[in-house]
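Structure record follows, encoded as structure tokens.
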Amino acid sequence: MSAADFLDYSLQAGMALALIALVLGFIRLWRGPVLADRLVALEMMTNVAIGFCGLFALQTGVAAWLDIALALALVSFVSTVAFARYAGAQAVKSGGKPGHD
Numbered sequence: 000m001s002a003a004d005f006l007d008y009s010l011q012a013g014m015a016l017a018l019i020a021l022v023l024g025f026i027r028l029w030r031g032p033v034l035a036d037r038l039v040a041l042e043m044m045t046n047v048a049i050g051f052c053g054l055f056a057l058q059t060g061v062a063a064w065l066d067i068a069l070a071l072a073l074v075s076f077v078s079t080v081a082f083a084r085y086a087g088a089q090a091v092k093s094g095g096k097p098g099h100d
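Heads up: the sequence shown begins at 0 in numbering that gives the first Met the number 0, then just goes up one per residue.
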């Protein structure tokens with residue numbers, strides 16, 4: 000087996016594992032049970048998508064996918080902070096712990 004074949008198999012395995020992680024994250028996002036679980040699932044799915052963009056950039060040799068991954072990471076950070084502030088505000092309103100419905 001050559002190094003190119005090994006890299007190709009590794010990239011395919013990484014993409015398959017990323018797809019499985021996305022599906023599992025979507026299930027957690029859908030089922031909850033509390034807001035904090037959904038926030039963590041959304042963040043994990045975004046990180047997996049960023050990794051997938053990196054793997055795809057390696058496989059295709061198109062560096063633009065790395066720019067997409069960078070933009071997604073920046074948007075993900077801002078959205079996570081905003082969603083966490085929303086969860087904290089909801090907890091203050093209800094008098095409970097953050098993330099509990």
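Backbone N, C-alpha and C define an ideal beta-carbon position, used for all residues, glycine too.
(message) Taking the straight line between their C-alpha atoms, what separation do you get for M44 and A81?
(response) In the sequence shown, residue 44 corresponds to position 45, counting from 1. In the sequence shown, residue 81 corresponds to position 82, counting from 1. When rounded, the distance between both Cα atoms is 17 Å.
(message) Can you tell me where the alpha helix (DSSP H) holding V77 begins and where it ends?
(response) Walking along the sequence shown from the start, residue 77 turns up at place 78. Note, V77: alpha helix (DSSP H), A63 to S93.
(message) the ligand ATP and F25: does any heavy atom of the ligand fall closer than 6 Å to the residue's C-beta?
(response) No copy of the ligand ATP occurs in the structure displayed, which carries no ligand at all.
(message) Quick check on S9: does DSSP put it in helix, strand or coil?
(response) Position 10 of the sequence shown, counted from the start, is the residue given in the question as residue 9. It is helical.
(request) Count the CB pairs spanning the segment 51-62 and the segment 12-27 that are closer than 8 Å, and state whether there are at least three. (result) Yes: the two stretches touch, three or more of their Cβ pairs being nearer than 8 Å.
(request) Return helix, strand or coil for Q33, following the three-state DSSP convention. (result) Residue 33 sits at position 34 when you count from the first residue of the sequence shown. It should be noted that the sequence gives Val, not Gln, for residue 33. If DSSP states are grouped into helix, strand and coil, V33 belongs with coil.
(request) Select from G94, L71, Q58 and L73 the residue whose C-alpha is nearest the C-alpha of A3. (result) For the purposes of this step, residue 3 is taken as the residue at position 4 of the sequence shown. Minimum Cα distance to A3 is reached at Q58.
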